[in-house]
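Protein chains: 2
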Amino acid sequence: MADSSVRALTFDVFGTVVDWRGSIIDEGHRLWGEKRLNLDWAAFADAWRERYQPSMSEVRDGRRPWTVLDQLHRESLTKIAPHFGLDGLSDVELDDLNLIWHRLKPWPDSVTGLTQLKQTYTIAALSNGNLALLTNMAKRAELPWDAILGAEVTHNYKPLPAAYLGSARALGLTPAQCMMVAAHNSDLAAARRCGFKTAFVRRPREYGPMQTTDLHPTEDWDIVANDLIDLAERMDR
Amino acid sequence: MADSSVRALTFDVFGTVVDWRGSIIDEGHRLWGEKRLNLDWAAFADAWRERYQPSMSEVRDGRRPWTVLDQLHRESLTKIAPHFGLDGLSDVELDDLNLIWHRLKPWPDSVTGLTQLKQTYTIAALSNGNLALLTNMAKRAELPWDAILGAEVTHNYKPLPAAYLGSARALGLTPAQCMMVAAHNSDLAAARRCGFKTAFVRRPREYGPMQTTDLHPTEDWDIVANDLIDLAERMDR
Chain A
61 MADSSVRALT FDVFGTVVDW RGSIIDEGHR LWGEKRLNLD WAAFADAWRE RYQPSMSEVR
121 DGRRPWTVLD QLHRESLTKI APHFGLDGLS DVELDDLNLI WHRLKPWPDS VTGLTQLKQT
181 YTIAALSNGN LALLTNMAKR AELPWDAILG AEVTHNYKPL PAAYLGSARA LGLTPAQCMM
241 VAAHNSDLAA ARRCGFKTAF VRRPREYGPM QTTDLHPTED WDIVANDLID LAERMDR
Chain B
61 MADSSVRALT FDVFGTVVDW RGSIIDEGHR LWGEKRLNLD WAAFADAWRE RYQPSMSEVR
121 DGRRPWTVLD QLHRESLTKI APHFGLDGLS DVELDDLNLI WHRLKPWPDS VTGLTQLKQT
181 YTIAALSNGN LALLTNMAKR AELPWDAILG AEVTHNYKPL PAAYLGSARA LGLTPAQCMM
241 VAAHNSDLAA ARRCGFKTAF VRRPREYGPM QTTDLHPTED WDIVANDLID LAERMDR
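From first to last, the protein sequence lines stand for chains A and B.
All the letters of the first sequence, read from the start, carry residue numbers 61 to 297 under our numbering.
All the letters of the second sequence, read from the start, carry residue numbers 61 to 297 under our numbering.
Put into structure tokens, the structure is as follows:
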């Protein structure tokens, strides 16, 4: 990484740093198996995540006022629950299930990679997750963030420019001093349009063994890395 | 600490966690001695800090739009500079001097105490400092915050209730699940009115050897501690 102007790495979290799909499937089998809830947890995870972008679109478009992701996740859960035989759960049980997003597990390389990168750069979450979600996740998973930015700090959901520009401003940096790190080409494209540097991280199993999207970089991102440890090594060169 | 309902400790930072006055004096003598700036750095620190509350009042009262503390500090510096023979400094030099607030040093007990408290509680800065200031300070001083809340997350300066209530909400907690930790009785009084638990930490030298304010707790705060290590021990009982 010849460009020494980068001061902060800003990370997409869901899929890039943590394995949301695997975590939901694991916790589903383990905790909810106790309640004899015998369902296809992979299909459940996919159905829940499928409502992620549409739920934020209503906020992005101004059709509803600012709403944090915990609330959007909860509303989506209410909608999909009947399709998976979960409509017998109490509100309290559904509230707890909703907090599964606070308990997502990092990919095996994430903590080591972030810890290495933190020695040289400010490392910040730039996620659509809310502060409570990201704080609880970081505490449990030991993600060593210097700062948690993104949706709740800017009151804008990615890929709106204000989410990136407001996050850079909150760090007291120019966009060019920030590098967006994500496993999703669309996130990087939006960040690049705002002037951020870009790093693509391969997460070919984020959507399971049959994943077809984001398997490869679709633009000439500044860095392409196999995981966060590989990213740390490439940034160190 | 019999009350097991507390989930998060929210910290005042300037004076409670870091020694702003001593840090300014030290850096003044060390760095600025090189430039033959022979001035009374203690008086300079006090003069700068004296403008702290008035500068925020304009924002609190709605006389000016939301403005981050870095900017308020910079404007105050411009005003006091001529009184200390600093008006010969360039804008770049004054900008750098302004960043002294990003480089404040913790009291000797702060990092150890916070690290102990972090094992049991979510620990968050609830400061009037902006995110860049608090992030840079934490990185340099190794303050292990789980989250940085306060002014920039809520767009309200303490002691306005919205600063406390919005910070609790951002953590997904009720005010009663939060304990405000501060060396200033007024901060605790405002937090208590919002429903927070309260912990007073003695910092009898924050304003130097002649300090006359906040030497003692003025209300029956839930905890009174001699420093942050003492606080960790009291919370552990």
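Don't be surprised by glycine CBs; every beta carbon is placed ideally from N, CA and C.
Burial state of residue i, where buried means 16 or more other Cβ atoms lie within 10 Å
i	result
B:Asp-121	exposed
B:Ala-62	Any answer about B:Ala-62 is weak, because its pLDDT of 47 lies below 50 and its placement is not dependable; what the coordinates show is given next. The residue is exposed, with fewer than 16 neighbouring Cβ atoms inside 10 Å.
A:Val-152	exposed
A:Met-270	exposed
A:Glu-266	buried
B:Gly-145	exposed
B:Thr-272	exposed
B:Asn-216	buried
A:Trp-167	buried
B:Asp-280	exposed
B:His-143	exposed
A:Leu-99	exposed
A:Lys-257	buried
B:Asp-79	buried
A:Ser-64	exposed
B:Leu-275	exposed
B:Arg-81	buried
Partners in chain B for residue i, counting only beta-carbon separations shorter than 8 Å
i	result
A:Asn-212	In the sequence under discussion, the amino acid at residue 212 of chain A is Glu, which differs from the Asn named in the question. Here the neighbours are Val-213, Ala-230.
A:Ile-208	Ala-207, Ile-208
Beta-carbon proximity list for residue i, same chain, < 7 Å, skipping 5 on both sides
i	result
A:Ala-192	Asp-130
B:Ile-85	Trp-101, Ala-102, Ala-105
A:Leu-225	Pro-235, Cys-254
B:Glu-202	Val-171
B:His-162	Leu-193, Asn-196, Met-197
A:Arg-252	Thr-258
B:Glu-118	Arg-124
Bridge partner(s) assigned by DSSP for residue i
i	result
B:Cys-238	B:Ala-68
A:Leu-298	In the structure as shown, chain A begins at 61 and stops at 297. Residue 298 of chain A is therefore absent and cannot be evaluated.
B:Thr-258	B:Met-240
B:Val-284	B:Phe-260
B:Pro-166	B:Val-78
Within chain A, the residues that residue i reaches when beta carbons sit closer than 7 Å
i	result
B:Thr-195	Thr-182, Asp-206, Ala-207, Leu-231
B:Leu-69	Within 7 Å Cβ-Cβ: nothing; B:Leu-69 doesn't reach chain A, min ~13 Å.
Contacts that residue i makes with chain B (C-beta to C-beta distance below 9 Å)
i	result
A:Ala-192	Ala-207, Arg-229, Ala-230, Leu-231, Gly-232, Leu-233
Closer than 7 Å at the beta carbon, the chain B residues around residue i
i	result
A:Lys-199	Thr-182, Asp-206
Residues near residue i by beta carbon distance below 8 Å, same chain, minus five either side
i	result
A:Asn-158	Asp-130, His-133, Arg-134, Leu-137
Cβ-based neighbour list, residue i, same chain, cut-off 6 Å, excluding 5 preceding and 5 following
i	result
B:Ala-242	Asp-72, Thr-76, Leu-248
B:Thr-172	Ile-289
A:Leu-231	Ala-68
A:Ala-228	Pro-235, Cys-238
A:Arg-111	Ser-136
B:Ala-222	Thr-214, Asn-216
A:Asp-147	Ala-141
Item checked: Residues from the segment 226-240 of chain B in contact with chain A, defined by Cβ distance under 7 Å -> Ala-230, Leu-231, Gly-232
Checklist line | Interface positions of the segment 110-142 of chain A facing chain B (Cβ-Cβ less than 8 Å), listed along the chain | finding: Those residues of the segment 110-142 of chain A placed with their C-beta closer than 8 Å to a C-beta in chain B are Asp-130, ordered along the chain.
Next item on the list: For the segment 161-184 of chain A, enumerate the residues whose C-beta is nearer than 9 Å to any C-beta of chain B, in chain order.
Entry: His-162, Lys-178, Thr-182, Ala-184
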